[in-house]
Amino acid sequence: MTSLTVENYLKAIYQLGTRGSQQRVSTGALARHLDVSPGSVTAMLKSLQQQKLVDYQPYAGVKLTGRGRREALRVLRRHRLLELFLVETLGMSWDEVHAEAEHLEHAASDRLIDRIDEYLGHPQFDPHGDPIPRADGSVHSPELCSLAECEVGQQVEVARVLDQSPEFLQFISRCGLGPGQRWQVAARDQAADVLTLHQNRRQITLSLHAAAHLLVKTQER
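Residue numbers (the working numbering): 1 to 221.
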């Protein structure tokens, strides 16, 4: 069992637990997320429990212990700072940095990550709007809601992109729906599963399924 595998499991449990909550994660959801067999997940969870990194109960699922959560946040801090460094310093596109950061996060030392954090000015968010854990393990997570749940007339600002596949990131880049972009919800058709947004003279329509992958800040109408 390699530290790389352990780190990937802890990070996945944190992310699947309602984006970091202590809700239990099913072995099935973990297997799908990591693209491994349920049997492999069960074996690994038993090992992680022996290391006191998780609280695993068969048929009930798994959640992180305090130690496991600290380790998961440490990996996420590396990943998100590396993504931002690759975008801000090397000029890489935000749709190609995830895979690179996946490799680098396991090799980078904490000292290097702290230097990158200092160099970037201690940023709070990565290029996709995900909060970057601080060195002390704390995380600043502002109140956000799903774009799919917003009402007609609401002013919204895109803050976070949950689906970080290259295809989805390229799609929302073309639509102008990256973090920081402001739109007004012009219409929604539940039956047709679409949402229409308006910005100055621009108007775009996207599915409610796609909108559910965007978290936004809202303003009163």
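All C-beta atoms in this analysis are idealised placements derived from N, C-alpha and C, irrespective of residue type, glycine included.
| Query | Result |
| --- | --- |
| Do ARG160 and HIS209 have their CB atoms nearer than 8 Å? | no |
| Does the pairing of the stretch 70-87 with the stretch 1-13 give three or more beta-carbon distances under 8 Å? | yes |
| Measuring straight from C-alpha to C-alpha, what distance separates ASP136 and MET92? | 28 Å |
| Is VAL194 closer than 8 Å to GLY153 when the C-beta atoms are compared? | no |
| For HIS198, which of helix, strand or coil comes out of DSSP? | strand |
| In the DSSP assignment, find the beta strand (DSSP E) that holds GLU96 and state where it starts and stops. | GLU96 -> no beta strand (DSSP E), and no H or E assigned at all. |
| Could you spell out the range, first to last residue, of the beta strand (DSSP E) harbouring ARG160? | 155-161 |
| Do ARG78 and ILE113 have their beta-carbon atoms positioned less than 8 Å apart in this structure? | yes |
| Hey, quick one: how far does the beta strand (DSSP E) through ASP35 stretch, first residue to last? | It is not in any beta strand (DSSP E) - ASP35 carries neither H nor E in the DSSP assignment. |
| Helix, strand or coil: how does DSSP classify GLN51 here? | coil |
| For SER165, tell me which candidate among VAL6, GLU100 and GLY61 has the shortest Cα-Cα distance. | GLU100 |
| In whole angstroms, what separates the C-alpha of TYR175 from that of ILE204? | Going by the sequence as given, residue 175 is Cys instead of Tyr. Rounded to the nearest angstrom, the two C-alpha atoms are 7 Å apart. |
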